[in-house]
Amino acid sequence: MTAHIQIRGLSKSFAGQILYSNFDLDFPHQKITSIFGPNGCGKSTLINMISGLLPMDSGQVLFDGKT
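Heads up, the sequence shown is in our numbering, so the first residue is 2 and it goes up one at a time.
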């Protein structure tokens, strides 16, 4: 079974500072996934890119295998 949400090759940088570089992540069906870390590490940026509120420099987000 494929993941409900798949992130492939995501890259993002701000002012020359690399935040994500060729990042992959799967969110499986019927599972709870948490994202945690210190302030300023990119948690909200990741969620905003997944939801389409913030553009990625490169990569793609697939929902049930579709863009």
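In this text, a Cβ means the ideal position worked out from N, Cα and C, and glycines have one as well.
Fair warning: this is a prediction, and the values are worked out from it, not measured in the lab.
Among the options, which residue has its Cα nearest to the Cα of residue i?
i            : options                    : result
histidine 5  : Lys13, Asp27, Gly17, Tyr21 : Asp27
serine 35    : Phe24, Asn23, Ile48, Asp25 : Ile48
glutamine 18 : Ile33, Gly41, Gln31        : Gly41
aspartate 65 : Gln31, Phe15, Leu55        : Gln31
For residue i, I'd like the list of residues in its chain whose CB is within less than 7 Å of its CB, leaving aside the five on either flank, ordered along the chain.
i           : result
tyrosine 21 : Leu11, Ser12, Lys13, Gly43
Return the chain-ordered list of same chain residues with a C-beta closer than 6 Å to the C-beta of residue i, the five sequence neighbours on each side being excluded.
i             : result
proline 29    : Ala4
asparagine 55 : It should be noted that the sequence gives leucine, not asparagine, for residue 55. Once the five neighbours on either side are set aside, the close Cβ partners of leucine 55 are Asn49.
Taking only heavy atoms of the ligand GTP into account, decide whether any of them is closer than 7 Å to the Cβ of residue i.
i            : result
histidine 30 : Looking for the ligand GTP in the displayed structure turns up nothing, as the structure carries no ligands at all.
Where does residue i sit, in a helix, a strand or coil, going by DSSP?
i             : result
asparagine 49 : helix
lysine 32     : coil
Have a look at residue i and residue j and give me their C-alpha separation to the nearest angstrom.
i                : j             : result
phenylalanine 37 : methionine 50 : 16 Å
asparagine 23    : isoleucine 33 : 24 Å
Q) Within the chosen definition, does the region 5-25 reach the region 52-67 through at least 3 CB pairs nearer than 8 Å? A) Short answer: they touch.
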